[in-house]
Each structure stands twice: as C-alpha cells, then as structure tokens.
Amino acid sequence: MRSTADIPAWPLLLTREQLCAYLGGLSWPTLAKVLPVAPLDLGANVLRYSRPEIDAWAASLPPRLPKALQGDGHESQPPASEADAAASDVAEEPDTRPSAAVERARKRALGLSGKGRSTWRKSPSSKELSARTGA
C-alpha cells in the first residue's frame, strides 16, 4: 500500500488501497462494511472508486467525536456499561448503521469502548477464507 506522501495529488478514481489511505488508513474489511459508494467497473477486473462520491459520503457523516476532541474542553465519558452501549445501538435507525459502525471503530481506536483487548479477534488468513467458501 502506498503512503499519502507517495501520492502528490489524489486521482479522481481511486484503487481500493488508495481509498483506504484516502480515508485515513481504514482497513478494507472495515471500509467494505460501511461504504455505500459502489465501485466503477472499468472492465478487465479493474474497479475504481469515484473520489467526489467518496467526498460526498464522508461529508454526510455526522460529526460524533468525543467532546474532548471537539475542542470544548469537557471530556466525554464512555457509556457506563455495555448494556447502555447496546441500548444506544438498538435505538439507531437502519440508515445510520454504517456511520454507527465507523463511530464504534473510532471509539475502539481511541480506547473509549470500555472493553479489554479480549474483544479483538484475529482476522482469518486467505487460506482460511478460501477453505470456508470452498474455493
């Protein structure tokens, strides 16, 4: 994967790796779960993502950072229990699920999830994935 320093200007059509870097280094499995923008099929197994469509989607995401990161000087508190966190997820509308997933990833990255390291699972290898699918 190329770093952002290697790319002088972002191209109009992004590869999967460029898209992950463009959105701040999100992993492809995470991004694939929340990304509503369909790739453009250029033929010969070439898929690209439209940067203007990605920009529009990213701009539509609600700013839900902890108050400490929003600059108002007050620290936010994570949910008191996992039951409170689960209840807040259930109350969300179906169309906000992708942004909720991004928010949960941000909380994990910032250490605000209230869960220990035991919640992280090792990603399956490509051999394990192909064995599951029977390919």
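Numbering-wise, the numbering used here puts 1 at position 1 of the sequence shown, and it's gapless, one number per residue.
Idealized CB from N, CA, C, for every residue including glycine.
R64 lies in the alpha helix (DSSP H); which residues open and close that run? For the purposes of this step, residue 64 is taken as residue 64 along the sequence shown, with counting starting at 1. Unbroken run through R64: none, as it is neither H nor E.
Which residues share a DSSP beta bridge with R48? If you number the sequence shown from 1, residue 48 lands on position 48. Note: R48 sits in a beta bridge opposite L40.
Use the C-beta contact count for A136: other C-beta atoms within 10 angstroms, 16 or more gives buried, fewer gives exposed. Residue 136 lies beyond the range of the chain shown here (1 to 135); nothing can be said about it.
Taking all protein chains shown into account, decide if L14 is buried (16 or more other Cβ within 10 angstroms of its Cβ) or exposed. Within the sequence shown, numbered from 1, the residue matching residue 14 stands at position 14. Buried, since its Cβ has 16 or more Cβ neighbours within 10 Å.
Cα separation between E17 and P29? As a working note, residue 17 is residue 17 in the sequence shown. As a working note, residue 29 is residue 29 in the sequence shown. So the two alpha carbons sit approximately 12 Å from each other.
By alpha-carbon positions, which one of L12, S27 and W57 ends up nearest to R48? The residue labelled residue 48 in the question sits at position 48 within the sequence shown. Closest option to R48, Cα to Cα, is L12.
Report yes if the CB atom of L26 is closer than 8 Å to the CB atom of I54, and no otherwise. If you number the sequence shown from 1, residue 26 lands on position 26. If you number the sequence shown from 1, residue 54 lands on position 54. Not a contact, by the Cβ cut-off of 8 Å.
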